[in-house]
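Written below as structure tokens is the structure these notes are about.
2 protein chains.
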Amino acid sequence: MKQDRRKFIASTALLGTSLAAFAFPVLNAAGKKGIIHHVFFWLKNPSSQEDLKKLLSGLQTLKKIKSVRKLYIGVPASTEKRDVVDNSYHASELMFFDDLAGQQVYQDDPIHQKFIADCSHLWEKVIVYDAVDV
Amino acid sequence: MKQDRRKFIASTALLGTSLAAFAFPVLNAAGKKGIIHHVFFWLKNPSSQEDLKKLLSGLQTLKKIKSVRKLYIGVPASTEKRDVVDNSYHASELMFFDDLAGQQVYQDDPIHQKFIADCSHLWEKVIVYDAVDV
Numbered sequence: 000m001k002q003d004r005r006k007f008i009a010s011t012a013l014l015g016t017s018l019a020a021f022a023f024p025v026l027n028a029a030g031k032k033g034i035i036h037h038v039f040f041w042l043k044n045p046s047s048q049e050d051l052k053k054l055l056s057g058l059q060t061l062k063k064i065k066s067v068r069k070l071y072i073g074v075p076a077s078t079e080k081r082d083v084v085d086n087s088y089h090a091s092e093l094m095f096f097d098d099l100a101g102q103q104v105y106q107d108d109p110i111h112q113k114f115i116a117d118c119s120h121l122w123e124k125v126i127v128y129d130a131v132d133v
Numbered sequence: 000m001k002q003d004r005r006k007f008i009a010s011t012a013l014l015g016t017s018l019a020a021f022a023f024p025v026l027n028a029a030g031k032k033g034i035i036h037h038v039f040f041w042l043k044n045p046s047s048q049e050d051l052k053k054l055l056s057g058l059q060t061l062k063k064i065k066s067v068r069k070l071y072i073g074v075p076a077s078t079e080k081r082d083v084v085d086n087s088y089h090a091s092e093l094m095f096f097d098d099l100a101g102q103q104v105y106q107d108d109p110i111h112q113k114f115i116a117d118c119s120h121l122w123e124k125v126i127v128y129d130a131v132d133v
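Order-wise, the sequence lines are chains A and B. Position 45, counted from 1, in the first sequence is what numbering that gives the first Met the number 0 calls 44; the numbers after and before it change by one each time, with no gaps. Position 71, counted from 1, in the second sequence is what numbering that gives the first Met the number 0 calls 70; the numbers after and before it change by one each time, with no gaps.
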């Protein structure tokens, strides 16, 4: 009987945890809703491996900016080709910030400005999506 | 002298760690390069808070799919308006998978299929970006 009750409490606690994870927005360490910043780049010279390498190296420098919590640098994945999938871009940068202020600090940081000065001649198009967790 | 040496070893180890983080791609627990799947939705009825709520609730169900390592559900953030920023979408879903196989498992999962059956009438446009870590 006692064991059954223990089992019940353990199951209920587990259920509570998964419900909480399911029902509430993702909060960062400071208890704020995070900002997701995803940028897609299209190169001026799509066939230039050298230009791609330069751009990817430039993107790596952005890791040093303090308000950047996480940085993922990517290229198109070889997932199934579907009408809704846009795999025409050449490089992507996905960043997490604690909040809007962190995103603004990043925009103004000299490292970011240097990246734009050094690399913006490489791309012909950029699309940025900024999202906030719900 | 001994203390100086310890300090030197500690600093060198720290330097090694940050260089490693800087120079190598992000690998997941299985040592593979991860897949980032980002989907942006544009609603048929952009002014309907009810439709947005239905879509966001539908997206929450995708957390239950086992190959989904992380899921962030978002709406446009109120970052600075710039020409390159597309804030016209209404909801976004950002997922991480261990590998291409994990992404395919997700596509075929009945929970994902149910989400499409229940919610696809709500959106008029979807753009998907799949990236692999470099």
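Backbone N, C-alpha and C fix where the C-beta goes; we use that ideal spot for every residue, glycine too. Just so it is clear, the structure is predicted and the values come from calculations on it, not from any experiment.
Margin query: Quick check: the Cα distance between Met94 (chain A) and Phe114 (chain B), rounded to an integer number of angstroms?
Written below: If you number the first sequence from 1, residue 94 (chain A) lands on position 95. If you number the second sequence from 1, residue 114 (chain B) lands on position 115. Rounded to whole angstroms, Met94 (chain A) to Phe114 (chain B) spans 27 Å at the Cα level.
Checklist line | Cβ neighbour criterion (16 or more within 10 Å) applied to Asp129 (chain A) | finding: Against the first sequence, residue 129 (chain A) aligns to sequence position 130. Its Cβ being crowded by 16 or more others within 10 Å, Asp129 (chain A) is buried.
Check: Whose CA, out of B:Ile34, B:Lys32, B:Asp132, B:Lys124, lies closest to the CA of Ser188 (chain B)?
Finding: For chain B, the structure presents residues 0 to 133; residue 188 (chain B) sits outside this window and is missing.
Check: Name the DSSP beta bridge partners of His37 (chain B), please?
Finding: Within the second sequence, residue 37 (chain B) is the residue found at index 38, counting from 1. BP columns for His37 (chain B) point to B:Leu93, B:Tyr128.
Notebook entry, point to check: Based on the DSSP secondary-structure assignment, which residues constitute the bridge partners of Pro75 (chain B)?
Noted result: What you label residue 75 (chain B) is simply residue 76 of the second sequence in a count that begins at 1. BP columns for Pro75 (chain B) point to A:Ala130.
Check: Sorted by chain position, which residues of the same chain lie with C-beta nearer than 7 Å to Lys53 (chain B)'s C-beta, five sequence neighbours on each side aside?
Finding: Walking along the second sequence from the start, residue 53 (chain B) turns up at place 54. Answer for Lys53 (chain B): Cys118, Leu121, listed in chain order.
Margin query: Run through chain A and tell me which residues come within less than 8 Å of Gln102 (chain B), C-beta to C-beta.
Written below: Position 103 of the second sequence, counting from 1, holds the residue named residue 102 (chain B). Chain-order list of chain A residues neighbouring Gln102 (chain B): Ala76, Thr78, by C-beta distance under 8 Å.
Notebook entry, point to check: For Phe23 (chain B), which residues from the same chain have a beta carbon less than 8 Å from its beta carbon, with the 5 sequence-adjacent residues on both sides left out?
Noted result: As a first step, residue 23 (chain B) must be located in the second sequence, where it is residue number 24. Here Phe23 (chain B) scores only 41 on pLDDT, less than 50, and its place in the model should not be relied on; the value that follows carries that caveat. There are no such residues.
Next item on the list: State the DSSP-derived secondary structure class of Val143 (chain B), mapped to helix, strand or coil.
Entry: The question about residue 143 (chain B) has no answer, for chain B in this structure spans 0 to 133.
Checklist line | Residue span of the alpha helix (DSSP H) that contains Asp107 (chain B), given as start and end | finding: Working through the second sequence from its first residue, we reach residue 107 (chain B) at position 108. Taken as a continuous stretch (DSSP letters only), the alpha helix (DSSP H) holding Asp107 (chain B) covers 99 to 107.
Item checked: Per-residue DSSP class, three states only, for Asp117 (chain B) -> Translated into positions along the second sequence, residue 117 (chain B) becomes position 118. Note: Asp117 (chain B) maps to helix in three-state DSSP.
Check: Roughly how many angstroms lie between the CA atoms of Pro109 (chain A) and Gly73 (chain B), to the nearest whole one?
Finding: Numbered from 1 along the first sequence, position 110 holds the residue referred to as residue 109 (chain A). Numbered from 1 along the second sequence, position 74 holds the residue referred to as residue 73 (chain B). For Pro109 (chain A) and Gly73 (chain B), the distance between alpha carbons rounds to 29 Å.
Check: For His111 (chain B), which residues in chain A fall below 9 Å Cβ to Cβ?
Finding: The count along the second sequence starts at 1 and reaches residue 111 (chain B) at position 112. Ordered by position in chain A, no residue passes the 9 Å Cβ test against His111 (chain B), which lies about 13 Å from the chain.
Next item on the list: Find the nearest neighbour of Leu58 (chain B) within the set B:Ile126, B:Glu92, B:Asp107, B:Val104, judged by alpha-carbon distance.
Entry: If you number the second sequence from 1, residue 58 (chain B) lands on position 59. Nearest option by C-alpha distance: B:Glu92.
Note to self: Residues of the segment 113 to 126 of chain B in Cβ contact with chain A at a cutoff of 9 Å, in chain order, please.
What the structure shows: Lys124, Val125, Ile126
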